[in-house]
Amino acid sequence: MTGILVLWCALLLVQKVNLSRADIGRHIKNGEIMVDTSWSEKMEVLNTNFYSFTENNFPFVNHHWLSGVVFYFIFILGGFKGLSFFYIFLSCLSFYILFRIAKNEAGLEVASILSILVLPIITQRAEIRPEVFTYLFLASFFYILWKWTKEEITEESKLRDKKYLFLLPILMLLWINLHVGFIFGFLLLGSFWISEFVNFCKTKKIKRIKWLTLISLFSAILSLINPFFIKGLFYPFRIFENYGYLVLENQSISFLENLNITNGLHFGLIKFLYTLALLSFALPLFVKKDLRKFPIQNLIIFVATSVWSYFAVRDFPIFSLLFLPIVAYNIGFFFSKNENNIGKNLSITFLVITLVWFSLTSFSRIKEKESSFGIGLMPKVNAAVEFYKYQNIKGPIFNNYDIGGYLIFHLFPEEKVFVDNRPEAYSVDFFQKIYVPAQEKREEWLKLDQKYNFNSIFFSHLDLTPWGQNFLIQEVSDFAWAPVFADEYNIIFLKRNTQNAEIIKKYEIPKSNFGVTRQ
């Protein structure tokens, strides 16, 4: 059963990369610069909006710089297919680590049922992102700390006997340089520390709390070894201070439901998991259980990740990964040894039901993404930029938010972008007073064009923002700009000038080819 679940996890993550809308191109370019360029360029890509010609000196904390280095080396070795396999492997490994804990605490049947419930959410973010390192280190931290709680510590215990605990500071050193999600590592450390402190207050045995305090301090000290020192350590609390652009994955469940944006986000399932987790905590209250043995850290972690995931849907996988061992423990705690037969019979019944449900929903999900199912890049996704380079088209480029990473990967350093999908790398005023108004209002666009004298527009027509759609309709009707390339991903416009005359003459797409309407 374990192998089947891991295989299903992998299958749900199999998805070709739509590079025109993904972040991975920029991450690879980050890695290339960190490995192959001068020290001054390394410092710029770490600390400034390096890729843009609009706000290139705007201060920026490149908190996932080491992920870029890892992705760059894997890209050199295996290309985008190698990156796909790497992402799937780390994701499945993260799931497997926590599944093992769940199986140990509640048995194979319960662990399998819980896995079937959480896998659709764990795998919903199938795009290659640095957060995969957070999933792996989150699972590793929880496993090590869980193992720690299972062992008897005496006054005679030697520090060298628990040397695996010192993996935590080393992992934290890597984690803080790989992804901003390192904050979840401190959540786990803090939760287990509080639990040990409560135990210390009851037993007056200081050995365990001393060791965990030592490990936590080492983790905090080593986390200062990052390019931004203490600023990097506290960056998770400041990352949203300068967010001038609304990003779907950072919004709350209620906010998105009010906008009727729910497709593929599993809101119903995540609410069911919240409820199931609450019930698993409540069960011991209704039976005669020794609640003194109930792990406080699990309750703290559940509350924290529930709130976190409710207010930022990007953290659904974080909650779901930790849901697996925590709820399994609660269920195992509820069914004592004398009740194992009852629990096992119930588990087998529910396992059959959830297997049927999981099979139906999983096949449906794979069917829905049939066109993108596979490894590597989506077909012909690079056609637009190949046309741009072959025709020797020049900037300055006006581009939309989503396509920035694609252009950075293919065109930098020859061309810089107008914007890319890093809200924290641009000022709030840039998005709210320049980028969005230029697409909404004709007069603002003309003012911006006069300032930068754009020579080309490179836009993803999959941009479904109201301002993006308005801008595309406007430009198709604007004689000053000629559409010269369009495919299922992108569209390129060139300004009617002497520089572009030959290309426009040869490749201009008739306006009648575009069936557009204003809604």
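Here the working numbering is used: position 348 in the sequence shown is 349, and no number is missing along the way. Even for Gly, the Cβ is constructed at its ideal location relative to N, Cα and C. Model, not experiment: these values are computed from the prediction.
Environment of residue i [buried if 16+ CB atoms lie within 10 Å]
i: K203; result: exposed
i: W40; result: exposed
i: Q520; result: Per-residue confidence for Q520 stands at a pLDDT of 47, beneath the threshold of 50, marking its modelled position as unreliable; the derived number appears in the next sentence. Exposed is the call here.
i: S196; result: buried
i: K507; result: exposed
i: D564; result: Residue numbering for the chain in the displayed model covers 2 to 520; residue 564 lies beyond these limits and cannot be assessed.
i: K417; result: buried
i: F230; result: exposed
i: R22; result: buried
i: D421; result: buried
i: Y165; result: exposed
i: N342; result: Any reading at N342 is ruled out, since the residue's pLDDT is 48, under 50, leaving its predicted position unreliable.
i: V304; result: exposed
i: Y391; result: exposed
Cross-strand partners of residue i (DSSP beta bridge)
i: N491; result: S461
i: P484; result: F494
i: V418; result: S53
i: V593; result: No answer is possible for residue 593: it lies beyond the span of the chain, which begins at 2 and ends at 520.
i: I398; result: S457
6 Å CB neighbourhood of residue i in its chain, flanking five on each side removed
i: M379; result: K17 and N19
i: Y88; result: I129 and V133
i: I301; result: S192
i: R27; result: G406 and I409
i: A384; result: D488
i: Y402; result: V420 and N422
i: H522; result: Outside the modelled stretch of the chain, which goes from 2 to 520, sits residue 522, for which no answer is possible.
i: L99; result: A140, L322, L325 and P326
Contact set for residue i: own chain, Cβ-Cβ below 7 Å, skip 5 residues either direction
i: V248; result: P424
i: I332; result: A107, V111 and S281
i: E340; result: Reliability fails at E340, whose pLDDT of 48 lies under 50, so the model's placement of it is uncertain and no value is given.
i: I226; result: L174
i: Y453; result: P397
i: E156; result: Its pLDDT being 47, under 50, E156 is placed unreliably in this model, and the value from its coordinates should be taken loosely. Only K208 meet the Cβ criterion.
i: F61; result: N48, T49, N50, E425 and A426
i: M2; result: L109 and S113
Neighbourhood of residue i by C-beta, 8 Å cutoff - its chain only, sequence neighbours within 5 removed
i: Y244; result: N251, P424, E425 and V429
i: A329; result: I102, A103, K104, E106, A107, V111, A112 and L115
i: S253; result: Y311, F312, A313 and V314
i: K338; result: In this prediction, K338 scores a pLDDT of 45, lower than 50, which makes its location untrustworthy; no coordinate-derived value is stated.
Distance cut-off 7 Å: residue i Cβ against heavy atoms of the ligand MN
i: D24; result: For the structure depicted, the ligand MN is absent and the ligand set is empty, with no information on it obtainable.
Residue ranges of each beta strand (DSSP E) within the region 49–110, 3 or longer: none
I want to know whether the region 324–338 touches the region 107–125 - three or more CB-CB distances under 8 Å. yes
Would you mind listing the alpha helix (DSSP H) stretches within the region 191–241 that are 4+ residues and don't spill past its ends, in chain order? 208–223 and 231–234
Could you say if the region 181–192 and the region 208–222 meet the contact criterion of at least three C-beta pairs nearer than 8 Å? yes
Quick one: any contact between the region 253–262 and the region 211–218, if contact means 3 or more CB pairs under 8 Å? no
How about the region 73–93 and the region 459–474: do they share at least three Cβ pairs that are nearer than 8 Å? no
Restricting to runs no shorter than 4 residues, where is the alpha helix (DSSP H) found entirely within the region 263–332? 268–283 and 297–312
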